[in-house]
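Below is one structure, written out as structure tokens; the observations come after it.
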Amino acid sequence: MPKIGDIQLPDFPLLLAPMEDVSDPPFRALCKEQGADVVYTEFISSEGLIRDAAKSVMKLDIYEKERPVGIQIFGANLDSMLQSVEIVEQSNPDIIDINFGCPVKKVVCKGAGAGILKDIDKMVSLTEAMVKHTKLPVTVKTRLGWDESSIRIVEVAERLQDVGCQAISIHGRTRVQMYKGEANWHPIAEVKNNPRMHIPVFGNGDVDSPESAMRMRDEFGLDGAMIGRASIGYPWFFKEVKHYFKTGTHLAPPTMEERVDAARRHLQMAIDWKGEKLGVFETRRHYTNYFKGIPNFKELRMKMVTSDDAADVFAAFDEALETFGHHQFA
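Structure follows, in structure tokens:
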């Protein structure tokens with residue numbers, strides 16, 4: 001069974017991916033309840049941390065019930081990254097994860113995230129310096145390469161392992177692909193099948209059903225799956241995958257009561273954590289999936305995603321339960 005440093009994980013663990021404005025403490029708590037084995041924070045700017053930027057510092061909030069939890073940081077400047085490691089350590093996470101995969105232009109243009117895939121030597125030396133600078137296990141999340149012609153992920157993963165990286169999560173797309181097209185898991189399997197590799201190799205990208213998670217495990221032989229978009233507004237995904245692994249059957253979808261309860265708790269935790277304005281705004285993206293597949297739900301969904309007043313959103317949840325509480329999900 002895979003281990004990250006001294007952290008023993010179950011067979012084929014499911015990891016919640018670090019997602020900007022998604023993987024915050026309220027959502028991580030819900031995913032943990034539903035079976036996520038490891039959760040990661042939203043990615044945090046090393047420059048923001050060392051400048052004490054409020055938004056970056058707030059992302060360091062972690063809670064005992066989340067463990068094991070990883071804090072993910074990104075940056076391209078060695079001094080800033082090492083300083084940020086010291087700041088991160090004060091939050092006492094279980095893991096420090098380095099983001100070498102974010103494809104967003106504002107990150108890439110500074111040579112951070114997937115931008116560093118153009119300079120593998122720097123990627124390796126930065127990882128090595130961070131490993132030496134902390135007693136916490138350091139892991140990496142990255143992509144296959146910058147583009148199709150520069151995929152060297154087998155070599156890259158081996159080099160990262162050799163400088164002390166304790167696990168690697170690989171998104172099966174290049175930076176040029178962004179989130180388009182299909183994720184290619186074959187190069188990730190090549191990393192896993194490299195006889196020199198002994199750290200866990202986790203797959204990411206297009207794990208959107210229990211069947212796809214099983215393929216990643218059984219066909220591609222990876223050590224675990226990192227779940228991103230499939231979990232947004234649907235924390236039950238982790239539980240459904242584990243049920244499928246155990247029984248070969250699909251778990252019944254959550255009832256309307258369960259959906260409303262999760263949405264209500266999510267919003268309340270978000271308000272408690274970041275205040276009403278941000279809590280209401282940043283929870284909106286989840287409601288489409290919380291209430292997916294319900295006919296004639298558009299009007300209520302519009303209330304949920306356009307209201308700036310928490311009381312109105314809670315009222316819409318109550319109305320959803322009253323109106324659609326009998327709804328049977330397929």
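Under my numbering, the first residue of the sequence shown is numbered 1, with each subsequent residue one higher.
Just so you know, even glycine gets a beta-carbon here, dropped at the ideal spot from N, CA and C.
Buried versus exposed, by CB contacts within 10 Å (16 or more), residue i
i: Ser149; result: exposed
i: Met1; result: exposed
i: Cys109; result: exposed
i: Glu66; result: buried
i: Glu257; result: exposed
i: Lys147; result: As written in the sequence, residue 147 is Asp, which differs from the Lys given in the question. Result: exposed.
i: Gln90; result: exposed
i: Gly205; result: buried
i: Ala311; result: exposed
i: His326; result: exposed
i: Lys331; result: Residue 331 is absent from the model: the chain starts at 1 and stops at 330.
i: Asn99; result: buried
i: His286; result: buried
i: Asp318; result: exposed
i: Arg51; result: exposed
i: Met302; result: exposed
i: Glu47; result: buried
Pick from the options that is closest to residue i, judged by C-alpha positions
i: Gln268; options: Asp309, Leu78 and Leu300; result: Asp309
i: Phe324; options: His286, Gln34, Arg259 and Ser56; result: Arg259
i: Glu125; options: Ala114, Cys165 and Asp147; result: Looking at the sequence provided, one finds Ser at residue 125 rather than Glu. When each option's Cα is compared against that of Ser125, the closest is Cys165.
i: Glu219; options: Pro187, Lys141 and Pro10; result: Pro187
i: Glu64; options: Pro254, Pro25 and Asn193; result: Pro25
i: Ile120; options: Pro103, Pro195 and Thr142; result: Thr142
i: Met19; options: Ile294, Met226 and Ala263; result: Met226
i: Met178; options: Val57, Val104 and Gly75; result: Val104
i: Thr127; options: Lys110, Gly145, Ile151 and Val156; result: Val156
i: Leu251; options: Asp147, Ala263, Leu222 and Pro210; result: Pro210
i: Trp185; options: Phe202, Pro195 and Asn77; result: Phe202
i: Leu160; options: Glu182, Lys180, Gly181 and Pro137; result: Pro137
i: Glu240; options: Val207, Ala270 and Gly221; result: Val207
i: Tyr290; options: Val107, Asp261 and Lys32; result: Asp261
i: Leu60; options: Glu86, Arg152 and Glu322; result: Glu86
i: Ile62; options: Ile96, Ser80, Asn77 and Leu82; result: Ile96
i: Gly70; options: Thr139, Trp236 and Phe27; result: Thr139
i: Ile199; options: Ala316, Ser169, Ser212 and Gly181; result: Ser169
For residue i, the residue or residues it bridges with in DSSP
i: His171; result: Arg143 and Asn204
i: Ile294; result: Looking at the DSSP assignment, Ile294 forms no beta bridge with any residue, so it has no partner.
i: Val39; result: Leu16 and Val69
i: Ile7; result: Ile4
Pair every Cβ in the stretch 272-285 with every Cβ in the stretch 38-50, then say whether three or more of these pairs are closer than 8 angstroms.
-> Using a C-beta cut-off of 8 angstroms, the stretch 272-285 makes no contact with the stretch 38-50, since fewer than three inter-stretch Cβ pairs fall below that distance.
Can you list, in chain order, the stretches of the alpha helix (DSSP H) that have 4 or more residues and sit fully within the stretch 101-154?
-> Runs found: 105-108 and 120-133.
Does the stretch 168-177 come close enough to the stretch 120-134 to have 3 or more Cβ pairs within less than 8 angstroms?
-> They do not touch, by the three-pair rule.
Go through the stretch 45-100 residue by residue and report every complete run of the beta strand (DSSP E) that reaches 3 residues or more, in order.
-> DSSP runs (the beta strand (DSSP E)) wholly in the stretch 45-100: 69-74 and 95-100.
Which runs of the alpha helix (DSSP H) spanning at least 4 residues fall entirely within the stretch 188-235, listed in chain order?
-> Taken in chain order, the whole alpha helix (DSSP H) runs of length 4 or more contained in the stretch 188-235 are 210-218.
Please confirm if the stretch 293-303 is in contact with the stretch 262-276, defined as three or more CB-CB distances below 8 angstroms between the two stretches.
-> Flag = no, the stretch 293-303 and the stretch 262-276 do not touch.
Tell me the start and end of each unbroken beta strand (DSSP E) in the stretch 272-318 that is at least 3 residues and wholly inside, in chain order.
-> Fully contained in the stretch 272-318 is no beta strand (DSSP E) run of length 3 or more.
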